[in-house]
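Remarks on the structure that follows.
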Amino acid sequence: MTQARDTIAHAVLFDIDGTLVDSNFLHVDAWNTAFVDLGLSVPSWRIQSAIGADGSELLSQLIGDESDEVKTRATELHSTHFQKLTPRLRLLPGARDLVKAVADRGSRVVLATSAPQEELDHLLELLNIDDLLYAVTSGEDVETSKPEPDIIAIALERAGVDAASAVMVGDAVWDIKSATAAGVPTVALRSGGTGRAELLEAGAAAVYDDAADLTHHIASSPLGRLWA
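Take 1 as the starting number for the sequence shown in our numbering and just add one per residue.
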């Protein structure tokens, strides 16, 4: 059942990888190892620039000329290698503080991620913010994820708010493109490895170093309009 839109409520949609959890470079490591296993040479900087995009989009960018069979195997190997790296996952500075600050101000907190459920389970356990969450999305909710707007549209539906009453917080160009396509402005963080200029060029409303930096400036940030 579709939840009725609340004209008073407001929501903040959070990406997880690179935004709240320091996982982007572990994904780079896992993809790099997967490609090496398959005898493919893909520079790490190219992998990093594709992190955050839908898996099919990432593979299209990085090994687009390879067969579907090779792409499927690469995905499987990435998952296997990433699972081995999960003990190295850490929260980014200020992650919990930012989510709590948003929730304390009355906004509905939605984790708008397309991570596979198995990965999401690890991330949620690490975050330990279940009591602050209003809703969560996962890769199982959509066929095509970022940069398409589908995952953002589902996050808005689960939050019960319109795009005008929401702000996205993410770290990648793909977060910005996805949110923009859904009509939601994005506050971008550099903690995922993408530079300020690139994030602004992609359309970010503002850029901060990490969750801690955004928390420190939360009242004057684009998030502040939700509580004005």
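For each residue, glycine too, the CB sits at the ideal point set by N, CA and C. Quantities reported herein were computed from a predicted structural model and do not represent experimental measurements.
What are the boundary residues of the beta strand (DSSP E) that residue i is part of?
{"i": "Thr186", "result": "186–189"}
{"i": "Ala206", "result": "206–208"}
On the DSSP bridge list, what partners appear for residue i?
{"i": "Asp17", "result": "Val21"}
{"i": "Arg170", "result": "The amino acid at residue 170 is misidentified as Arg; the sequence shows Gly. In the DSSP output, where bridge partners are listed per residue, Gly170 has Ala188."}
{"i": "Val12", "result": "Val109, Val167"}
{"i": "Leu91", "result": "Val21"}
With H, G and I counted as helix, E and B as strand and the rest as coil, what does DSSP make of residue i?
{"i": "Arg105", "result": "coil"}
{"i": "Ala270", "result": "This structure cannot settle anything about residue 270, because the visible part of the chain is limited to 1 through 228."}
{"i": "Ala135", "result": "strand"}
{"i": "Asp65", "result": "coil"}
{"i": "Glu118", "result": "helix"}
{"i": "Ser41", "result": "coil"}
{"i": "Lys146", "result": "coil"}
{"i": "Gly224", "result": "helix"}
{"i": "Ala219", "result": "coil"}
{"i": "Val36", "result": "helix"}
{"i": "Asp97", "result": "helix"}
{"i": "Ala182", "result": "coil"}
{"i": "Asp162", "result": "coil"}
From what residue to what residue does the alpha helix (DSSP H) around residue i run?
{"i": "Asp213", "result": "211–216"}
{"i": "Ile129", "result": "Segment: none, Ile129 is in no alpha helix (DSSP H) and carries neither H nor E."}
{"i": "Leu230", "result": "There is no way to answer for residue 230, as the model of the chain reaches only from 1 to 228."}
Is the distance from the Cβ of residue i to the Cβ of residue j below 7 Å?
{"i": "Ser107", "j": "His217", "result": "no"}
{"i": "Arg90", "j": "Asp22", "result": "yes"}
{"i": "Val207", "j": "Ala188", "result": "yes"}
{"i": "Ala159", "j": "Ala182", "result": "no"}
{"i": "Gly193", "j": "Gln48", "result": "yes"}
{"i": "Gly94", "j": "Ala115", "result": "no"}
{"i": "Val110", "j": "Ala179", "result": "no"}
{"i": "Ser191", "j": "Asp175", "result": "no"}
{"i": "His27", "j": "Ile63", "result": "no"}
{"i": "Thr144", "j": "Asp54", "result": "yes"}
{"i": "Leu127", "j": "Ala211", "result": "no"}
Roughly how many angstroms lie between the CA atoms of residue i and residue j, to the nearest whole one?
{"i": "Thr2", "j": "Glu119", "result": "Because Thr2 carries a pLDDT of 41, less than 50, the predicted location of this residue cannot be relied on, and the following value inherits that uncertainty. Distance between the alpha carbons of Thr2 and Glu119: 27 Å."}
{"i": "Ala163", "j": "Thr72", "result": "34 Å"}
{"i": "Leu199", "j": "Asp15", "result": "15 Å"}
{"i": "Arg96", "j": "Ile129", "result": "7 Å"}
{"i": "His81", "j": "Glu125", "result": "19 Å"}
{"i": "Val184", "j": "Asp29", "result": "31 Å"}
{"i": "Leu77", "j": "Ser56", "result": "14 Å"}
{"i": "Thr33", "j": "Asp65", "result": "19 Å"}
Closer than 7 Å, CB to CB, is residue i near chain C or not?
{"i": "Leu111", "result": "Among the protein chains of the structure shown there is no chain C, as only one such chain exists."}
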